[in-house]
């Protein structure tokens with residue numbers, strides 16, 4: 001039985017290798033999947049403004065992947081592609097608990113400010 005799969009591809013341009021992958025699993029419950037770079041060099045994860053994307057920590061990617069769900073992953077590195085073509089590997093797969101996932105305070109902080117429409121205030 002397959003635990004999790006990360007199918008990755010690389011494209012090299014001007015001395016930078018761009019890695020893209022799709023992560024999925026065949027379990028009936030959500031899983032926390034952790035991936036590591038296999039290329040010989042540092043990982044340049046995607047950034048949101050001046051912050052590293054939330055799934056990335058110290059060059060590894062970890063996220064909750066639901067059943068029948070596939071997530072996209074991407075990063076860059078100055079390392080050349082591998083000859084065997086496998087730029088990353090699945091290093092762990094664990095069943096996601098009820099508390100796994102985003103911190104509720106972080107989710108609330110990420111939402112846009114809300115206020116009622118002005119016509120509602122006239123009533």
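In UniProt numbering, the protein residues as written are 1 to 123. Heads up, the beta-carbon is just placed ideally off N, CA and C, and yes, glycines get one too.
Range of the contiguous beta strand (DSSP E) that encloses residue i
{"i": "residue 61", "result": "60 to 65"}
{"i": "residue 17", "result": "16 to 24"}
{"i": "residue 34", "result": "31 to 37"}
{"i": "residue 82", "result": "Looking at the DSSP string, residue 82 is not in any beta strand (DSSP E), and its letter there is neither H nor E."}
{"i": "residue 91", "result": "88 to 95"}
Simplified DSSP assignment, three categories, for residue i
{"i": "residue 1", "result": "For residue 1, the predicted model reports a pLDDT of 39, less than 50, meaning its position is unreliable; a value from the coordinates is still stated below. Note: residue 1 maps to coil in three-state DSSP."}
Cβ-Cβ separation, residue j to residue i (assumed contact under 8 Å), whole Å
{"i": "residue 23", "j": "residue 10", "result": "About 16 Å separates the two Cβ atoms, so there is no contact after all."}
{"i": "residue 96", "j": "residue 6", "result": "Actually they are not in contact, since the Cβ atoms of residue 96 and residue 6 sit about 17 Å apart, beyond 8 Å."}
{"i": "residue 53", "j": "residue 47", "result": "7 Å"}
Meets three-Cβ-pair contact criterion under 8 Å: the region 77 to 91 and the region 34 to 44:
yes
Taking contact to mean 3 or more Cβ pairs, one atom from each stretch, closer than 8 Å, check whether the region 13 to 31 and the region 63 to 82 are in contact.
The region 13 to 31 vs the region 63 to 82: in contact.
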